[in-house]
Structure formats: C-alpha cells, structure tokens
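A.B. asks: Handing you a structure now.
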Amino acid sequence: MPSACESLIEDIEDMVSSNDPTPQERQSARKSIIPRFRKKREQQTNEEINTDSLIPGTQTIWMKTWGCSHNNSDGEYMAGQLAASGYKMTDDAAEADLWVLNSCTVKNPAEDHFRNSIKKAQEQQKKVVVAGCVPQAQPRMDYLKGLSIIGVQQIDRVVEVVDEAVKGHSVRLLGQKKDGGRRLGGARLDLLIFFPCCLCLFSCLNACTYCKTKHARGDLASYPIEELVERAKQSFQEGVCEIWLTSEDTGAYGRDIGTDLPTLLWRLVEEIPEGAMLRLGMTNPPYILEHLEEMAKILNHPRVYAFLHVPVQSASDSVLMDMKREYCIDDFRKVVDFLKERVPGVTIATDIICGFPGETEEDFQETMELVRHYKFPSLFINQFYPRPGTPAAKMEQVPAHVKKQRTKELSQLFHSYNPYDHEVGVRQHVLVTEESFDAQFHVAHNKYYEQVLVPKRSEFKGKMIEVDIYEAGKHFLKGRPVEESKPFTPSIAEPLQKGQVSGLSQVITHTLPSERTSIYQGHIYFSETLPDKAQTSSPALTVLIRIIKYFCLHSAILIYCR
C-alpha cells in the first residue's frame, strides 16, 4: 500500500516538464553570459576630512532669548560659557550650526514663537538645544521630543549639553539644586556691552494663580552681597557704565539669607563710579512696604535711577485675591504715593492684566480709574491668557471678546495722555548707552530713566552728556546736546568690544575644548588642546593638525566601543 506522501507527490522524474531546458541548452546559455566586474571604489585621497563638524567646540551657535530681564541674564551667562569654551557665537541664525532657544512661559505668544522657532530650525537641519521656563515646566510636550534641554537651574552645564547635541545625543538636565542653581561668577557675553543685567536672586516668594514661572524656577535663592558687589566691580572694570539689578521680585532679596534689599543697594552704591548708574528691577508691593524710607533715600542718590517697576495687575481687591497677589490696592497706592512725595519726578512703571477669570465690569472700571489717577508713564498691558497647569486656567474664564475689548479700552486710555510734555525746554544730564531700533539716534536715559533720543555721534556712546529737551513724544524725549558742555566718561576702563567675553582676565581664543569630558559615563573624547586653524599660518601644519584631530577623535571612539 502506498504511503501517504506517495498519494500527494509524484516521482521526481514525472515533475520535470517537457518545456524545461536540456543540459546541452544550459551549457550553451552559459557561453552567452558576459561577466561584469564591480569597479573598486576609488579612495578620495585628496579630499579634506571635515572634522570640525564632529568635534564639540568648533561650531557656530545662535542664541535667541524671550521674556524678562532674568531670562536675558541667563542667556548672557550661557553665551559667555559657550564662547569661553571655543564656540563661536553669531547674530546670524542661518550661519549657525546649532540654535540655543531660551524660552519664556509667561504668555502664550512667547511660547508660540518658541515653538515656531524649533520647527524652523528643524526644517533647516539645525541642531537644537532648548532652555528656559517652558521645557522646565513642560518637558513632555510633543514638540520637545528628542531635543536636548537645559533646566533653569542647570545653565552652568550648558557647555556639556551643547557638546552632546553636537555629537547627536539628546540630553536633559532638569534637576533642582539646593541653592536654587545660583551661579554669578564666570564668563558672560553681555548682549548690551554698556549695561549688563546683574541677577540678585532666583525665583520669588509668591504663588500667583496665573503664573508658571514659580513652578519652573523653584524656591527663592538670593546671591550673597559680597558676590554681587564683586560682580559689580568687575563690570565697571570692564567699561560698563550702567548696571541693572534684576530678578522676578527684587524686593524679596535677602529674605532667605538674613539680609534685605536696602543693605545690598547701599553696598552697591559705594562701588558705582561717578557718572555711572544703577537701575532697579521689578518689585512687588508686599516686600517693599517695610523699606519705603530707605528706598526713597536710595532712589534720590545721584547714581541710582529714580525709577521703580511695581506691578499692580488689577485695582480690584477681589481680583487680587483670586490672583493670590498677597496685597490689596491700598498697599500699592501707599507705595506709589510715598515715593512720589519723597522722590520728586520718580518714574513708576506698572503692569495690568485685562480679563482675569472672574473680573467683572466693576472690577475693570476700578483699574481704569487707577490709571486715570496716576497716569503711569510706562504701562505694560496684558490680555489674560490661561497657562496650562495653573489654577487660573481652571477658573471660569471671561469671554474672549470681553477681554479683547477691555484691553483695547485700557490701551486707548493710556495713549490719551502724554506724560513728558512738561519737560520740553528743560536741560538734563543723560547717559548714552545704545542705538535706537531705527539706527537714526543714540538712546540715552535721564535721572528718571526716561528715554531721550540724541544725535548719533560716536563720541557720545557710553558717556554722560548734557542736553536741552526740545520735543516730547508718548514714549520718548528728544535732546539737543549743549555745545559748551563736554561729554563725561564714567567708565574706569575701555568697554569690551562686541563679542568679547565678560568675566575673564584675558581675551578668549577659539581653541579646542580642554579637558572636557562627555556627560555619558565612560565616553571620553579628544582632550588635548591643539591650536585652531585660525592660529596657524602654514597650510601644511593646518592639515596636519586636522588629521591629528581626526585620528585622536576616532581612537577615543574605538576605545569607548571596546
């Protein structure tokens, strides 16, 4: 009886078709085949090996910062650290190999610009490192996937993160430090060479229901007075003529280290050379009320601007309570009235939020009345945007069209008066620090930190000059230099040139990183310092150095792989 397989499969001979080629036909077909041999790939011996794209510290970096003066200070610090490590900082985004995007989480539009910049960088095949409050508060956002992140308390490690991003790694440093991530000394690359931002503390004491900054920045951490004084001395030695003392809430300075803001200010005033100026940053009403007497004396000092930024946000006590601002409108009025009485001509700047959740028409009219009464010369008007994850985002929202209308009404009120008309014909001393946006004038500020536009002359930059005010606009004055008056130089040294790193004893040359190691444990790359190609005059020597760089790098990679 045949087996089971025999019923399914015929003999192999029976499976050969009559159409199959015979052995003779196969042999004949082989003769017609023409073999083709693959050409060996020619080695490009004369092609230059581009190792600069592989070795951290040889790339060009563009940095963009959004937001407050604190964020600007962080950006200057990171730029200085990168420049001191050999990276070339540029103002041209298209030229850069890598973008560092330093974000702000206060408003939706700022975050939208940040997100769009990431997309633009990726479309242009740029490497991206993100920093600031947005990735710190929301590191799991979809548009941040795969990107390297520098936390707000980790910016002293910016070089490590950028090094890894250059090599194609994704690194995220988001940890909170016990000291609030304080770092004051070291290299900086000041965006405005005549007046750097000097950060006096980190974070704030409030927990406002609309704000994500506190969540991102962590707990209050003040710098010691001696460190701040040394930083001020260093700045003046580098030719600075104006210092900004900045933070989220300058008035809260020292509450965590047993001192206070007036004590710091009196120490700083001692170090300000004649003709140079100090500008105070934002302070909330609760933390300045107890220091009003001393603050008035300090603001009257000839080397301190009679200017203070005190955000009110709303003139309604019920809205302030919902915001958890920790003061009432009478506290704000007391601060403003006292300073206006004791400091003649003082400039008070403030902020207002329109359309906060629960704000009624009556609440809004109280705010309008406050502005009518004080006619603030500097008023920052913000339409409320609910920030994800904040208590205010969960509250019942004011309709969008109502928020828009209130913002429009307040803006119209602000533009209905001109706070500077009375100064036309007055002679003033002004400190010239920068160029106007349209490049037509130099920008100066008088004692009250009012913007004065003066003729664009190179000899005025960084100098205290005397002018006659001949025109007043909504946001500026125009001054004509007094011819018989000579410009006074407040600096005790020549200012640093644009691109020079602050905080170092000598000019940085762009060499390879020295003794720098990877964040990844065990991965050590080329750590010998060799002269950069810009420092070698011989083309042959330049090629030799580049070859040595290349083989040292790949030797390190082979050691790591083993």
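Under the numbering used here, the sequence shown is numbered contiguously, ending at residue 567. Don't be surprised by glycine CBs; every beta carbon is placed ideally from N, CA and C.
Just to confirm, does residue 432 get its C-beta within under 7 Å of one of the non-hydrogen atoms of the ligand PLP?
C.D. replies: Annotation note on the ligand PLP: not contained in the displayed structure, which lists no ligands.
A.B. asks: In this structure, how does DSSP classify residue 472 when only helix, strand and coil are distinguished?
C.D. replies: strand
A.B. asks: Please state whether DSSP places residue 541 in a helix, a strand or coil.
C.D. replies: Low confidence applies here, because residue 541 scores a pLDDT of 40, under 50, leaving its location unreliable; read the following figure in that light. If DSSP states are grouped into helix, strand and coil, residue 541 belongs with coil.
A.B. asks: Tell me the DSSP secondary structure of residue 456 in three-state form.
C.D. replies: strand
A.B. asks: Suppose the cutoff is 8 Å on Cβ atoms and the five residues either side in sequence are ignored; what does the same chain contact list for residue 260 look like?
C.D. replies: 210, 225, 227, 292
A.B. asks: Taking the DSSP output, what are the residues bridged to residue 359?
C.D. replies: 388
A.B. asks: Would you say residue 487 reaches chain D, if we count a Cβ-Cβ gap shorter than 8 Å as a contact?
C.D. replies: Checking the listed chains, one finds no chain D in this structure; it contains a single protein chain.
A.B. asks: Counting C-beta neighbours from all protein chains within 10 Å, is the total for residue 199 16 or more, i.e. buried, or is it exposed?
C.D. replies: Low confidence applies here, because residue 199 scores a pLDDT of 48, under 50, leaving its location unreliable; read the following figure in that light. So residue 199 counts as buried.
A.B. asks: On the three-pair Cβ rule with 8 Å, is the stretch 301-312 touching the stretch 337-347?
C.D. replies: yes
A.B. asks: Restricting to runs no shorter than 3 residues, where is the beta strand (DSSP E) found entirely within the stretch 321-377?
C.D. replies: 352-359
A.B. asks: Who are the near neighbours of residue 349 in its chain, counting only those whose CB is closer than 7 Å to its CB and skipping five residues on each side?
C.D. replies: No residues qualify anywhere along the chain.
A.B. asks: Suppose contacts are defined by Cβ-Cβ distances below 8 Å. Is residue 288 in contact with residue 254 by that definition?
C.D. replies: A Cβ-Cβ contact shorter than 8 Å links residue 288 with residue 254.
A.B. asks: Looking only at C-alpha atoms, which of 147, 98, 154, 162 sits nearest to residue 85?
C.D. replies: 162
A.B. asks: Within this structure, are the beta carbons of residue 133 and residue 152 separated by less than 8 Å?
C.D. replies: yes
A.B. asks: Run through the stretch 53-98 for me and flag every whole beta strand (DSSP E) of 3 or more residues, listed as ranges in chain order.
C.D. replies: 65-70, 93-95
A.B. asks: Under a three-way DSSP split, which group does residue 287 fall into?
C.D. replies: coil
A.B. asks: With a cut-off of 8 Å on the beta carbons, I'd call residue 411 and residue 363 a contact; round off their distance for me.
C.D. replies: Actually they do not touch by this definition, with Cβ atoms about 13 Å apart.
A.B. asks: Check whether the stretch 102-111 touches the stretch 129-148, taking contact to mean three or more Cβ pairs, one atom from each stretch, closer than 8 Å.
C.D. replies: yes
A.B. asks: Quick one: residues in its chain with C-beta nearer than 7 Å to the C-beta of residue 391, no 5 flanking neighbours on either side, listed in chain order?
C.D. replies: Here the set comprises 397, 398, 402.
A.B. asks: Mapping the DSSP letters down to three states, classify residue 111 as helix, strand or coil.
C.D. replies: Residue 111: coil per DSSP, three-state reduction.
A.B. asks: Please determine, among 483, 471, 475, 476, the residue with the shortest C-alpha to C-alpha distance to residue 489.
C.D. replies: 471
A.B. asks: For residue 286, which residues of its own chain have a beta-carbon under 7 Å away from its beta-carbon, when the five flanking residues on both sides are left out?
C.D. replies: 74, 249, 250, 251, 252, 255, 314, listed in sequence order.
A.B. asks: Count the other C-beta atoms from every protein chain shown that fall within 10 angstroms of the C-beta of residue 445, then say buried if there are 16 or more, exposed otherwise.
C.D. replies: exposed
A.B. asks: Provide the residue span of the alpha helix (DSSP H) that contains residue 416, from first to last.
C.D. replies: 405-419
A.B. asks: Determine contact between the stretch 59-69 and the stretch 232-245, defined as no fewer than three beta-carbon pairs at a distance below 8 Å.
C.D. replies: no
A.B. asks: Are the beta-carbon atoms of residue 138 and residue 166 separated by less than 8 Å?
C.D. replies: no
A.B. asks: Is there contact here, the stretch 321-336 with the stretch 377-392, by at least three beta-carbon pairs under 8 Å?
C.D. replies: no
A.B. asks: When burial is assigned at 16 or more other CB atoms within 10 Å of the CB, is residue 324 buried or exposed?
C.D. replies: buried
A.B. asks: Below 8 Å, can you find three or more Cβ-Cβ pairs linking the stretch 451-458 to the stretch 429-441?
C.D. replies: yes
A.B. asks: Would you mind sorting residue 281 into buried or exposed? The rule is 16 or more other CB atoms within 10 Å of its CB.
C.D. replies: buried
A.B. asks: Going by CA-CA distance only, name the one from 427, 94, 463 that's closest to residue 474.
C.D. replies: 427
A.B. asks: Given a cut-off of 8 Å on the beta-carbon distance, is the pair residue 425 and residue 354 in contact?
C.D. replies: no
A.B. asks: Just to confirm, is the Cβ distance from residue 347 to residue 310 under 8 Å?
C.D. replies: no
A.B. asks: Looking at residue 173: is its Cβ nearer than 8 Å to the Cβ of residue 159?
C.D. replies: no
A.B. asks: Secondary structure at residue 123, three-state DSSP: helix, strand or coil?
C.D. replies: helix
A.B. asks: Looking only at its own chain, which residues have a Cβ that is under 6 Å from the Cβ of residue 262, when we skip the five neighbours before and after it?
C.D. replies: So the list reads 227, once near-sequence residues are dropped.
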